[in-house]
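Step one of this worksheet: look at the structure below.
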Amino acid sequence: MNKIELEKIKQKALEEHIPIIMDDTLEVIEDLLKNKKVTKILEIGTAVGYSAICFSEFLDENGTIDTIERDEERVEKAKENIKRAEVEGKINIHFGDAVEILPTFKEKYDMIFIDAAKGKYPFFLSQALRLLAKDGIILADNVLYKGYVMSDYNKHKQRTAVRNLREYLKEVMENPNLETEILEVGDGLAVSIKK
Ligand code: SAH
Ligand code: MG
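Each residue of the sequence shown is one higher than the one before, starting from 617 at the first, in our numbering.
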């Protein structure tokens with residue numbers, strides 16, 4: 617991959633206030649995957665492709681990433697960026713609503729990164745559980761949502777998002793097949809490993 621281009625893509629995304637993955641979150645993920653064989657990654661929420669490009673470094677030889685994005689302009693931008701970063705052979709972008717696309721997927725994934733509409737996290741979880749490989753790992757970004765999730769949110773405009781994020785956390789914590797940890801990196805990262 618082309619690191620100089622990656623840095624430019626990152627700076628541009630930050631300037632445009634696109635909520636790309638934060639550096640500390642990326643470091644934690646790199647660490648989690650260190651001794652794992654990762655051939656298939658699924659990402660929900662591509663934006664301009666920044667996180668997918670970063671994740672491509674964690675793949676085994678011949679590994680691939682499927683990533684889903686519903687905003688057409690962002691899909692175009694992501695395609696362009698992935699080419700610039702010279703990782704186009706490794707990343708497949710699926711244009712459309714993940715709520716409709718996920719149920720059509722059948723292959724298993726070693727890592728699933730949930731980073732799209734917060735109100736849909738419980739649905740994304742049900743799909744992620746269906747698509748998770750043995751020893752797979754589900755990561756959900758922004759689960760602490762600027763602190764709203766752990767505080768009194770009733771007066772808050774983002775009530776539905778907060779309710780669904782809490783629901784997501786409850787489900788992963790209570791699922792007997794998962795070992796879950798909630799990390800205070802970035803905007804909150806839930807790490808769930810299949811037992
Ligand atoms: N993973 C990216 C950031 C994603 S931002 C990175 O770290 O670089 C979240 C993206 O999810 C937005 O671009 C938004 O358009 C997309 N999104 C939100 N809900 C979606 C849905 N239901 N289906 C597909 N994409 C969705
Ligand atoms: Mg995010």
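Note that CB positions come from ideal geometry on N, CA and C, so glycine has one too.
Do you know offhand how far residue 619's Cα is from residue 666's?
Here the question's residue 619 lines up with position 3 in the sequence shown. Here the question's residue 666 lines up with position 50 in the sequence shown. The straight-line gap from Cα to Cα measures roughly 12 angstroms.
When you compare the CB positions of residue 660 and residue 729, do they come within less than 8 angstroms of one another, or not?
The residue you call residue 660 lines up with position 44 of the sequence shown. The residue you call residue 729 lines up with position 113 of the sequence shown. Yes, these two residues count as a Cβ contact at 8 angstroms.
Taking DSSP as the reference, what is the three-state secondary structure of residue 760?
Position 144 of the sequence shown, counted from the start, is the residue given in the question as residue 760. Residue 760: coil per DSSP, three-state reduction.
Pair within 8 angstroms by beta-carbon distance, residue 727 and residue 755
Here residue 727 corresponds to residue number 111 of the sequence shown, with the count starting at 1. Here residue 755 corresponds to residue number 139 of the sequence shown, with the count starting at 1. The answer is yes: Cβ separation under 8 angstroms.
Residue 634 - DSSP class collapsed to helix/strand/coil
One-based indexing of the sequence shown puts residue 634 at position 18. Reduced to three states, the DSSP call for residue 634 is coil.
Tell me the rounded alpha-carbon separation between residue 765 and residue 779.
Residue mapping note: residue 765 aligns to position 149 of the sequence shown, counting from 1. Residue mapping note: residue 779 aligns to position 163 of the sequence shown, counting from 1. Cα-Cα distance, rounded: 8 angstroms.
Is the CB-CB distance between residue 690 and residue 664 below 8 angstroms?
Counting from one through the sequence shown, the residue named residue 690 turns up at place 74. Counting from one through the sequence shown, the residue named residue 664 turns up at place 48. Yes. Within cutoff.
Just to confirm the assignment, what range does the beta strand (DSSP E) spanning residue 656 have?
As a first step, residue 656 must be located in the sequence shown, where it is residue number 40. Looking at the DSSP string, the run of the beta strand (DSSP E) that includes residue 656 is 656 to 660.
Can we count residue 757 as close to the ligand MG, meaning its CB is less than 7 angstroms from some heavy atom?
Position 141 of the sequence shown, counted from the start, is the residue given in the question as residue 757. Yes, since a heavy atom of the ligand MG falls inside the 7 angstroms radius drawn around the Cβ of residue 757.
Residue 721: first and last residue of the uninterrupted beta strand (DSSP E) it sits in:
Position 105 of the sequence shown holds residue 721. Where residue 721 is concerned, there is no enclosing beta strand (DSSP E), given that its DSSP letter is neither H nor E.
With the cut-off set at 8 angstroms, would you say residue 642 and residue 657 are in Cβ contact?
Along the sequence shown, one-based indexing puts residue 642 at 26. Along the sequence shown, one-based indexing puts residue 657 at 41. Cβ distance not < 8 angstroms, so residue 642 and residue 657 don't count as in contact.
Consider the C-beta atom of residue 806 and the heavy atoms of the ligand SAH; say whether any pair is separated by less than 7 angstroms.
Counted from its first residue, the sequence shown places residue 806 at position 190. No; taking the cut-off as 7 angstroms, the Cβ of residue 806 has no heavy atom of the ligand SAH nearer than that.
When DSSP labels each residue in this structure, what does residue 801 get in the three-state scheme?
Sequence index remark: in the sequence shown, residue 801 carries index 185 (1-based). In the structure shown, residue 801 sits in coil (DSSP, three-state: anything other than H, G, I, E or B).
Can you tell me whether residue 738 sits near the ligand SAH, meaning its C-beta is under 7 angstroms from at least one heavy atom of the ligand?
Here residue 738 refers to the residue found at position 122 when the sequence shown is read from its first residue. Result no, Cβ not under 7 angstroms from the ligand SAH.
When you compare the CB positions of residue 725 and residue 752, do they come within less than 8 angstroms of one another, or not?
Translated into the one-based positions of the sequence shown, residue 725 becomes position 109. Translated into the one-based positions of the sequence shown, residue 752 becomes position 136. Yes, the Cβ-Cβ distance between residue 725 and residue 752 is below 8 angstroms.
Should residue 808 go down as buried or exposed, given a rule of 16 or more other Cβ atoms within 10 Å for buried?
Residue numbering aside, residue 808 sits at position 192 when the sequence shown is read from its first letter. Buried.
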